[in-house]
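In order, the protein sequences belong to chains A and B.
Residues are numbered in our numbering as their position in the first sequence, beginning at 1, plus a constant of 32.
Residues are numbered in our numbering as their position in the second sequence, beginning at 1, plus a constant of 8.
Below: one structure, written as structure tokens.
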Amino acid sequence: MKITRRQMLILLPAAAVAWEHVLAGTPESSPNYKLSDHWWSMLIDVPKCIGCGNCVRACQAENDVPDGYFRTWVERYHVSDENMTNPVVISPNGGKDGFPPVAKEDEGKYFFVPKLCNHCADSPCTQVCPVGATFVTPDGVVLVDPKYCLGCAYCVQACPYGCRYIHPQKEVADKCTLCYHRITKGLTTACCEACPTGARQLVDLKNPNDPIHEFLRTHAVQVLKPQMATGAKVFYNELDGSVR
Amino acid sequence: MSGVEGYIYPNEVTLYWSVLIVLYPYITGLVAGAFILASLERVFNVSAVKPTYRLALLTALSFLIVAPLPLQFHLGHPERSPEMYFTPHSTSAMAMFGYVYLWYLMAVLTFEIWLDYRHDIVKMAQSSKGLLRLVYKVMTLGSSNISPRALHVDERVSWVVTLVGIPSAFLLHGYVGFIFGSIKANPWWSSPLMPVVFIFSAMVSGIACVMVLYMAVTRLRGKTIDMRCVDTIAMYLFYTFIIDFSLEMLDLIHRIYEADESFRTLDFMVHTKLFFSQIVVQIIFGTIVPLILLAITQVIKLPELARKRMYAVAGALTLVGIFAMRWNVVIGGQLFSKSFLGYTSYKIALVTKEGLLVSIGLTLLPLVILWVLVKLLPPWTDDKAAAGVAAD
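Given below as structure tokens:
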């Protein structure tokens, strides 16, 4: 087949558009990173959290999270002896600016609980997505493809933990990515890096040398809402029974 | 924070499924219900409802055409909605919407209407002039054989289509119920009864809608309302409504008796934020009052005028009640926090993409479409009867 110069000029931009379409689904290159070698999750050491809000601020700065929405947030629980199943919980501005001081006369116990997407292995949010725009990566992270999401919010309804929202400008579902752009390059997440007490630790369950294995063996570790059977992978050390 | 009581997860302040998502199950329910009423005449040989057969089909079609619009307006990226057809996610109940919808629209409803009207369309293509003639000609789809044998084939095929249509109508609306009932994260929705309740409430609303439309339009046309027809429809409405109400009460009693971890939160919501829409509008005025009115017409022999008025009031209240039921399911399911520690609020906007004006427009649009369809394909049997009598 002979292609004239005129045909060539028409074909070239079309080929460029087609090639861009082919490349659209290709992840950013990360040499030396093998998806099948990792199974990411996070450990939250509840007694270590001091409610400083560093993690929330770091997350918002790193991921350009819009004001009033949260990929991670911190809750303060107040559980009194008389009413242990009905805690008083606050999270002013997601705990971003810290918490008000506690009155001396208040009885009971106080503690902080950082929250984020649980990157569930059997995640209900990915199950309900009508087009598969949200998915679990082979290395165990739940992500949303913003170029594919319809913005129907079915996933927001399906998440038992309130971790998803519709981005007010992009009008697509948005949530914690476990800083996928960082962890695939050998870094830790922004929230873990900013945590001054080591209350948040990125863990790789497929790495035999990760201290998480020793930790899980020797501590009372829980996940949130285990009755939901979502295969949640954010592990909480010394989680109080009143936490929802 | 305004509109927030107690503690809710910070991302739960915004309520994402608005009044448009209330309209969507309401409209599809009317479609399914109207079709099931039509099938009474065709499959179950209930000849008394014949005057409403074609009207019910056209009503179903008008509402079905509008059914996907609330979803489109609601989507953040409506331009991507065709992806639901091209790359559906096999585990998503919502992904099946496109297929169930298309199947119902094309294979069931449009096909059945076309079969039923084919004879009339061919006749009208011959008798009309100008642009209308062209429209009717296109509508024949090139099939202009109206010999008795051809019409007999139409009749048989139409019977089969209706037979297939009944489970399809159940599928269409049962699936809408499944969308909500299968969300385990939300105790207000998560129930295997949800699809069944949706199907029966759909039948109730569809039957009430056709009954009210038939009575209103017949009056507007200056014709006599066929009381045998309306009495029969009202009887079916009454019995379907009893099943629907029993199912909803079963769900309620089950929740109260089980009183699981979510109960206190949901109970408080029903007594406060949902009190007006659920207790007052849905249960008292939208269910108990119409049920009492319909029950009176079943047990006491009332004069025609009284029956007509009671049917009209019961039908209109039923339509409001079923809308309230959809509202309470969709909006109610998002008012409480999944932490069970607090509540958010829903304020309907006026002129936004998902606001009041758009929803009123989308509610009226099916009636406009129905008006066009009725002009194009007159569904009236009394005209024919009159013409037949005159010819004799």
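Cβ coordinates follow ideal geometry from the N, Cα and C atoms, glycine included.
What you are looking at is a predicted structure, and each value in this text was computed from that prediction instead of being measured.
Starting from residue i and walking both ways along the alpha helix (DSSP H), at which residues does that stretch end?
i, result
"K217(A)", "From DSSP, K217(A) is part of no alpha helix (DSSP H); its letter is neither H nor E."
"Y107(B)", "F105 to L110"
"V366(B)", "L364 to L384"
"R141(B)", "G138 to M147"
"W122(B)", "F119 to S135"
"L113(B)", "Run containing L113(B): none; DSSP gives neither H nor E here."
"H82(B)", "P76 to H82"
"H245(A)", "I244 to T250"
"C91(A)", "N86 to N95"
"F131(A)", "Run containing F131(A): none; DSSP gives neither H nor E here."
"F94(B)", "E91 to F94"
"E30(B)", "Per the sequence shown, the amino acid found at residue 30(B) is Val instead of Glu. From DSSP, the alpha helix (DSSP H) with V30(B) extends over V27 to R50."
Is residue i close to chain B, meaning its C-beta is less than 9 angstroms from at least one C-beta of that chain?
i, result
"Q92(A)", "no"
"Q189(A)", "yes"
"W71(A)", "no"
"V168(A)", "no"
"C185(A)", "According to the sequence shown, residue 185(A) is Ala rather than Cys. Yes, because at least one Cβ of chain B sits closer than 9 angstroms to the Cβ of A185(A)."
"R276(A)", "yes"
"L210(A)", "no"
"V255(A)", "no"
"G85(A)", "no"
"M74(A)", "no"
"V239(A)", "Correcting the residue identity first, residue 239(A) is Asn in this sequence and not Val. False, the Cβ-Cβ gap to chain B never drops below 9 angstroms."
"N118(A)", "yes"
"R232(A)", "no"
"N125(A)", "yes"
"C195(A)", "yes"
"P63(A)", "no"
"T39(A)", "The question names Thr, but residue 39(A) is Gln in the sequence shown. Judged by the 9 angstroms Cβ criterion, Q39(A) is not in contact with chain B."
"I277(A)", "Coverage of chain A is limited to positions 33 through 276, which leaves residue 277(A) absent and any answer about it impossible."
"T158(A)", "yes"
Where do the N-terminal and C-terminal ends of the beta strand (DSSP E) with residue i fall, by residue?
i, result
"N142(A)", "Reading the sequence as shown, one finds Tyr at residue 142(A) and not Asn. Residues K141 to L148."
"M74(A)", "W72 to D77"
"F167(A)", "T166 to V168"
"Y319(B)", "No beta strand (DSSP E) contains Y319(B), which is instead part of the alpha helix (DSSP H) from E312 to V338."
"L234(A)", "R232 to D236"
"H110(A)", "T104 to V111"
"I122(A)", "V120 to I122"
"F267(A)", "V266 to N269"
Shortest alpha-carbon distance to residue i belongs to which of the options?
i, options, result
"Y180(A)", "H85(B), I207(B), Y34(B) and W25(B)", "H85(B)"
"S152(B)", "D128(B), V172(B) and E163(B)", "D128(B)"
"V88(A)", "V78(A), S73(A), V168(A) and E107(A)", "E107(A)"
"K346(B)", "L256(A), A135(A), S62(A) and V168(A)", "L256(A)"
"K231(B)", "H160(B), P59(B) and A322(B)", "P59(B)"
"T248(B)", "E266(B), F284(B), L282(B) and S209(B)", "S209(B)"
"F405(B)", "A303(B), V74(B), L140(B) and A68(B)", "Outside the displayed range of chain B (9 to 400) lies residue 405(B), so it cannot be described from this structure."
"Y109(A)", "N95(A), V97(A), A261(A) and E139(A)", "E139(A)"
"A56(B)", "G369(B), K316(B) and R236(B)", "R236(B)"
"F102(A)", "D113(A), V235(A), A90(A) and I42(A)", "A90(A)"
"G37(B)", "A322(B), V218(B) and T240(B)", "V218(B)"
Any C-beta of chain A sitting closer than 9 angstroms to the C-beta of residue i?
i, result
"R263(B)", "no"
"P76(B)", "no"
"V397(B)", "Legend: pLDDT at V397(B) = 37, less than 50; position of this residue unreliable, no value from coordinates given."
"G363(B)", "no"
"P86(B)", "yes"
"A393(B)", "For A393(B), the pLDDT reaches just 48, beneath the cut-off of 50, and the residue's location in the model is therefore unreliable, leaving the point undetermined."
"K192(B)", "yes"
Quick one: does the C-beta of residue i sit closer than 8 angstroms to a heavy atom of the ligand MN?
i, result
"S209(B)", "Here there are no bound small molecules, and the ligand MN is not part of this structure."
Open item on the list: Restricting to runs no shorter than 4 residues, where is the alpha helix (DSSP H) found entirely within the segment 230-290 of chain B?
Closed with: 235-266 and 271-279
Task: Whole alpha helix (DSSP H) elements within the segment 151-220 of chain B, 4-residue minimum - done: 156-189
Open item on the list: Pairs of beta-carbons, one from the segment 18-33 of chain B and one from the segment 356-373 of chain B, closer than 8 angstroms: are there three or more?
Closed with: yes
TODO: Count the C-beta pairs between the segment 230-245 of chain A and the segment 40-50 of chain A that are closer than 8 angstroms, then say yes if the count reaches three, no if not.
DONE: no
TODO: Ignoring anything shorter than 4 residues or poking outside the segment 177-217 of chain A, list the alpha helix (DSSP H) runs there in chain order.
DONE: 186-190 and 212-215
TODO: Take every Cβ of the segment 253-261 of chain B, pair it with every Cβ of the segment 191-202 of chain B, and state whether three or more of those distances are shorter than 8 angstroms.
DONE: yes
Open item on the list: Can you confirm whether the segment 150-157 of chain A touches the segment 126-141 of chain A when touching is taken to mean that 3 or more C-beta pairs between the two stretches lie within less than 8 angstroms?
Closed with: no
Task: Validate contact between the segment 197-207 of chain A and the segment 78-95 of chain B using beta carbons, cut 8 angstroms, 3 pairs - done: yes
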